[in-house]
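Visitor:
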Amino acid sequence: MNLWQFYSRNAHEVLGSVGQHVFLVAISTGVAIVIGMPLGILLTRRAGWRPAVLGLANVFQTIPSLALFGFLIPLPLIGGIGARTAIVALVVYALLPIVRNTYQGIVGLDPAVREAGRGMGMTDWQLLTQVELPLAFGVILAGVRVATVVGVGTATIAAAIGAGGLGVYIFRGVAVVDDTLILAGALPAALMALAADGLLGLAERRFAWRGR
Amino acid sequence: MTVGRSDGRTVGSVILAVIVLLGACGSPGRIVVGSKNFTESDLLGEIVAQQIERRAGLAVERRLHLGGTFVCHQAITSGRIDLYVEYTGTAYTAVLKLAPVQDRDSVYRAVAAEYRRRFALVWGRPLGFDNTFAILVRRADAERYRLNAISDLARVASRWHAGFGYEFLERADGFPGLARTYGLRFAAPPTAMDLGLTYRALADGKVDVIAGNSTDGQIAALDLVPLQDDRHYFPPYQAAVVVRAQTLARYRGVAAALAELAGRISDAEMRRLNALADVEHRDIASIARDWLRASVP
Chain A
276 MNLWQFYSRN
286 AHEVLGSVGQ
296 HVFLVAISTG
306 VAIVIGMPLG
316 ILLTRRAGWR
326 PAVLGLANVF
336 QTIPSLALFG
346 FLIPLPLIGG
356 IGARTAIVAL
366 VVYALLPIVR
376 NTYQGIVGLD
386 PAVREAGRGM
396 GMTDWQLLTQ
406 VELPLAFGVI
416 LAGVRVATVV
426 GVGTATIAAA
436 IGAGGLGVYI
446 FRGVAVVDDT
456 LILAGALPAA
466 LMALAADGLL
476 GLAERRFAWR
486 GR
Chain B
595 MTVGRSDGRT
605 VGSVILAVIV
615 LLGACGSPGR
625 IVVGSKNFTE
635 SDLLGEIVAQ
645 QIERRAGLAV
655 ERRLHLGGTF
665 VCHQAITSGR
675 IDLYVEYTGT
685 AYTAVLKLAP
695 VQDRDSVYRA
705 VAAEYRRRFA
715 LVWGRPLGFD
725 NTFAILVRRA
735 DAERYRLNAI
745 SDLARVASRW
755 HAGFGYEFLE
765 RADGFPGLAR
775 TYGLRFAAPP
785 TAMDLGLTYR
795 ALADGKVDVI
805 AGNSTDGQIA
815 ALDLVPLQDD
825 RHYFPPYQAA
835 VVVRAQTLAR
845 YRGVAAALAE
855 LAGRISDAEM
865 RRLNALADVE
875 HRDIASIARD
885 WLRASVP
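If you read the protein sequences in the order shown, they are chains A and B. Each residue of the first sequence is one higher than the one before, counting from 276 in our numbering. Each residue of the second sequence is one higher than the one before, counting from 595 in our numbering.
(1) Report the partner residues of T785/B according to the DSSP bridge assignment.
(2) Helix, strand or coil: how does DSSP classify A766/B here?
(3) Per DSSP, what kind of secondary structure is R256/A in: helix, strand or coil?
(4) Do you know whose CA, among I415/A, A358/A and Q280/A, lies nearest T298/A's CA?
(5) Quick one: list the residues of chain A neighbouring Y760/B, beta-carbon separation under 7 Å, in chain order.
(6) Closer than 7 Å to a non-hydrogen atom of the ligand GDP - does that hold for the CB of W324/A?
(7) Looking at Y776/B and R547/B, is the spacing between their C-beta atoms short of 8 Å?
(8) With a CB to CB cut of under 7 Å and the five nearest residues on each side skipped, what residues in its chain are close to L870/B?
(9) For D724/B, does the three-state DSSP call read helix, strand or coil?
(10) In chain order, what residues of the same chain have a beta carbon less than 7 Å from the beta carbon of Y760/B, not counting five sequence neighbours either side?
(11) Name the two residues that bound the continuous alpha helix (DSSP H) containing G383/A.
(12) In this structure, how does DSSP classify V695/B when only helix, strand and coil are distinguished?
(13) What residues in the stretch 426-437 of chain A bring their beta carbon closer than 8 Å to a beta carbon of chain B?
(14) Which residue marks the beginning of the beta strand (DSSP E) containing P820/B, and which one marks its end?
(15) Is G345/A near L791/B, with beta carbons less than 8 Å apart?
(16) Could you pull the start and end residues of the alpha helix (DSSP H) that W885/B belongs to?
(17) In its own chain, which residues sit with a C-beta less than 7 Å from the C-beta of Q832/B, not counting the 5 before and 5 after it?
(18) Does H296/A come out as helix, strand or coil in the three-state DSSP assignment?
(19) Which residues, in order along the stretch 338-363 of chain A, keep a beta-carbon less than 8 Å from a beta-carbon of chain B?
(20) May I have the straight-line CA-CA distance separating V363/A from I356/A, to the nearest angstrom?
(21) Taking C-beta pairs closer than 7 Å, name the residues in chain A that K800/B reaches, listed in chain order.
(22) Give the single residue among A736/B, L677/B, A669/B and H667/B whose Cα lies nearest to the Cα of V848/B.
(23) Identify the contact partners of V443/A in chain B, using a Cβ-Cβ distance below 9 Å as the criterion.
(24) Should G811/B be labelled buried (16 or more other beta-carbon atoms within 10 Å of its own) or exposed?
(25) Rounded to whole angstroms, what is the Cα-Cα separation between G639/B and R740/B?
(26) Select from the stretch 686-697 of chain B all residues with a C-beta closer than 7 Å to any C-beta belonging to chain A, and list them in chain order.
(27) Between the C-alpha atoms of M276/A and D453/A, what's the straight-line distance to the nearest angstrom?
(28) Do we get a CB-CB distance below 8 Å when we pair L615/B with the residues of chain A?
(29) Tell me whether E874/B sits in a helix, a strand or coil according to DSSP, three-state version.
(30) When DSSP builds the beta bridges, which residues end up paired with E680/B?
(31) Go through its chain and collect everything with a Cβ distance to V424/A's Cβ below 6 Å, but skip five positions before and after it.
(32) Considering G806/B, what are the terminal residues of the beta strand (DSSP E) in which it resides?
(33) In whole angstroms, give me the CA-to-CA distance for Q668/B and A834/B.
(34) Interface residues of chain A around F664/B at Cβ under 7 Å?
(35) Return the residue from the list V890/B, G771/B and G673/B that minimises the CA-CA distance to I625/B.
(36) Kindly say whether S600/B, judged by its beta-carbon, lies nearer than 8 Å to any beta-carbon of chain A.
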């Protein structure tokens with residue numbers, strides 16, 4: 276059976292898996308943004324925390340996903356088997372680029388801009404929301420872009436913990452010596468990563484231009 | 595002056611090392627042993643590697659933990675590895691894609707003949723043990739519901755959750771046939787997950803029944819109970835070395851070295867060796883060395 280026959284026979288099921296995959300990536304990247312951006316901003320205010328936080332995010336990246344799942348299964352609330360556990364793992368992996376780029380984006384701004392804001396009598400909150408974040412947005416978005424693209428690939432591992440997604444075809448294909456099945460999962464995942472990269476790249480360019 | 599000389603010597607020894615390394619890569623006297631990506635296969639790969647080293651006196655390169663059946667089969671047919679340990683039932687159903695059969699001798703004969711004809715691969719004599727699928731439950735559940743055999747499972751299945759590895763769910767000798775043979779219907783479709791994680795999920799009560807391997811060291815360590823295959827659903831999975839015919843023809847000592855291992859590892863022995871690695875975390879090379887010294891002196 277070739278790939279196109281497989282898709283035409285299993286169109287419904289494949290679309291379901293694509294939906295699951297998008298869901299896993301969207302939720303995990305979203306949660307990583309909600310946690311990672313404030314964390315990155317915090318680091319620009321508390322320079323002393325930087326080595327600890329970035330170091331921890333770095334270490335998280337290095338934990339193999341199967342090992343991470345192994346640790347998560349017995350935990351209450353965030354553990355068990357299924358989509359929730361997979362999302363927790365994906366959030367852990369997506370944090371680093373978002374935290375780092377938020378921090379770098381703000382720290383890398385010309386100090387004169389910040390001084391000018393202060394000189395105009397801006398509070399720290401005003402400085403952050405009206406000067407620093409808008410100017411750093413392009414860099415922060417670049418971090419989100421990296422996290423999303425990497426997340427599309429990483430989300431295939433969700434199939435190892437019963438959370439579905441396109442990884443299911445890859446795992447099934449590897450298990451039974453079937454290249455068609457492996458491609459059936461890998462191809463849409465690759466296209467999805469390219470699409471996410473392209474879209475977020477467009478957004479990034481827009482904001483970078485506006486920031487200037 | 596002295597500094598210059600020692601520098602020159604360092605450069606010289608680096609160059610020499612590179613030449614030696616390059617030479618070793620292309621050297622003809624090198625056998626490559628592969629294994630699948632689980633402990634038992636790594637252990638057997640290491641045992642076979644050490645046996646060839648000490649009996650045939652050949653240099654052996656280890657490519658252990660390569661991947662699943664698929665990866666190892668690709669590696670050996672393309673000549674990247676010379677040999678690895680495979681299971682008759684797996685080769686019969688997963689590689690040759692034949693319908694499962696119960697008779698162990700006919701499975702072995704069919705596999706050996708087809709491998710030679712199609713891939714120029716030779717099956718050595720079986721090592722002695724069978725690594726069949728084991729349907730596992732927690733001991734507490736087995737005692738509470740008096741479960742001894744898989745057919746007892748039908749009574750409680752409707753309230754239970756199952757977690758299976760992808761290979762078991764997909765294979766012709768896996769879950770669909772098992773469910774048919776025993777009339778199993780679980781509360782929900784089985785959760786598909788990584789095989790290693792199913793053990794953890796069972797031990798932590800996230801699922802109630804899994805399909806492991808009968809020789810796993812974890813079965814005893816996690817206090818799990820294998821249910822008897824009372825309707826003889828699973829085909830035989832005898833372990834044996836698969837080796838390229840070309841390799842056997844080229845290195846005369848290999849066949850004799852491998853023949854010494856035939857029938858030497860019983861089911862209980864394999865479980866013990868797996869437990870040494872998985873439960874007691876002993877180094878695979880030392881387990882293999884000790885076993886060879888004691889069992890194949």
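Here a beta-carbon is modelled for each residue, glycine too, at the ideal position from N, C-alpha and C. Nothing here was measured: the structure is a model prediction, and the numbers come from that model.
Guide: Checking against the coordinates, here is how it stands:
(1) Along the second sequence, read from residue 1 onward, the residue named residue 785/B stands at position 191. Its beta-bridge partners are G757/B.
(2) Translated into positions along the second sequence, residue 766/B becomes position 172. Three-state result, A766/B: coil.
(3) Chain A is shown from 276 up to 487; residue 256/A falls before or after that span and cannot be answered.
(4) Counting from one through the first sequence, the residue named residue 298/A turns up at place 23. Note that residue 298/A is Phe in the sequence shown here, rather than Thr. Nearest of I415/A, A358/A and Q280/A to F298/A, Cα basis: A358/A.
(5) Taking the second sequence and counting its residues from 1, the one referred to as residue 760/B is at position 166. Ordered by position in chain A, the residues that pass the 7 Å Cβ test against Y760/B are F446, R447 and A450.
(6) Judged by which ligands are present, the structure shown has none, so any question about the ligand GDP falls away.
(7) Since the first and last residues shown for chain B are 595 and 891, residue 547/B lies out of range.
(8) Numbered from its first residue, the second sequence carries residue 870/B at position 276. Around L870/B: R876 and I881.
(9) Within the second sequence, the letter at position 130 stands for residue 724/B. Three-state result, D724/B: strand.
(10) Here the question's residue 760/B lines up with position 166 in the second sequence. Excluding sequence neighbours, Y760/B sits near A786.
(11) Looking up residue 383/A in the first sequence gives position 108. That residue, G383/A, is in no alpha helix (DSSP H); it is neither H nor E in DSSP.
(12) The residue you call residue 695/B lines up with position 101 of the second sequence. Note: V695/B maps to coil in three-state DSSP.
(13) A434, A435, I436 and G437
(14) Here residue 820/B refers to the residue found at position 226 when the second sequence is read from its first residue. Residues L818 to L821.
(15) To locate residue 345/A, count along the first sequence from 1; it is residue 70. To locate residue 791/B, count along the second sequence from 1; it is residue 197. Yes, they are a contact pair.
(16) Numbered from its first residue, the second sequence carries residue 885/B at position 291. I878 to S889 is the extent of the alpha helix (DSSP H) around W885/B.
(17) Position 238 of the second sequence holds residue 832/B. Taken in chain order, the residues that qualify are Y681, T682, R698, Y702, P720 and D724.
(18) The count along the first sequence starts at 1 and reaches residue 296/A at position 21. DSSP places H296/A in helix when its eight states are reduced to three.
(19) L341, F344, G345, I348, P349, G355, I356 and G357
(20) For this step, residue 363/A is matched to residue 88 along the first sequence. For this step, residue 356/A is matched to residue 81 along the first sequence. So the alpha carbons of these two residues sit roughly 11 Å apart.
(21) Along the second sequence, one-based indexing puts residue 800/B at 206. I348, G355 and I356, listed in chain order.
(22) The count along the second sequence starts at 1 and reaches residue 848/B at position 254. Checked all of A736/B, L677/B, A669/B and H667/B; the closest Cα to V848/B is L677/B.
(23) As a first step, residue 443/A is located in the first sequence; it is residue number 168 there, counting from the start. Simply Y760 and A786.
(24) As a working note, residue 811/B is residue 217 in the second sequence. Buried is the call here.
(25) Residue 639/B sits at position 45 when you count from the first residue of the second sequence. Residue 740/B sits at position 146 when you count from the first residue of the second sequence. Computed Cα separation, rounded: 39 Å.
(26) A688 and V689
(27) Walking along the first sequence from the start, residue 276/A turns up at place 1. Walking along the first sequence from the start, residue 453/A turns up at place 178. So the alpha carbons of these two residues sit roughly 10 Å apart.
(28) In the second sequence, the residue the question calls residue 615/B occupies position 21. Unreliable placement is indicated for L615/B, whose pLDDT of 44 sits below 50; the coordinate value is still reported in the next sentence. L615/B does not count as touching chain A.
(29) In the second sequence, residue 874/B corresponds to position 280, counting from 1. In the structure shown, E874/B sits in coil (DSSP, three-state: anything other than H, G, I, E or B).
(30) By one-based count along the second sequence, residue 680/B stands at place 86. Note: E680/B sits in a beta bridge opposite A834/B.
(31) Residue mapping note: residue 424/A aligns to position 149 of the first sequence, counting from 1. For V424/A, where only same-chain residues beyond five positions count, the Cβ hits under 6 Å are A468, A471 and D472.
(32) Here residue 806/B refers to the residue found at position 212 of the second sequence. Per DSSP, G806/B belongs to the beta strand (DSSP E) from V803 to N807.
(33) The residue labelled residue 668/B in the question sits at position 74 within the second sequence. The residue labelled residue 834/B in the question sits at position 240 within the second sequence. Each residue's alpha carbon lies about 18 Å from the other.
(34) Start at 1 with the first residue of the second sequence, and residue 664/B comes out as number 70. Under the 7 Å cutoff, chain A gives V449 and V452.
(35) For the purposes of this step, residue 625/B is taken as the residue at position 31 of the second sequence. For the residues V890/B, G771/B and G673/B, the minimum Cα distance to I625/B belongs to G673/B.
(36) Sequence index remark: in the second sequence, residue 600/B carries index 6 (1-based). Confidence at S600/B is low in this model, with a pLDDT of 43, below 50, so the placement of that residue should be treated as unreliable; the coordinate-derived value is given next. Answer no: the Cβ-Cβ gap between S600/B and chain A never drops below 8 Å.
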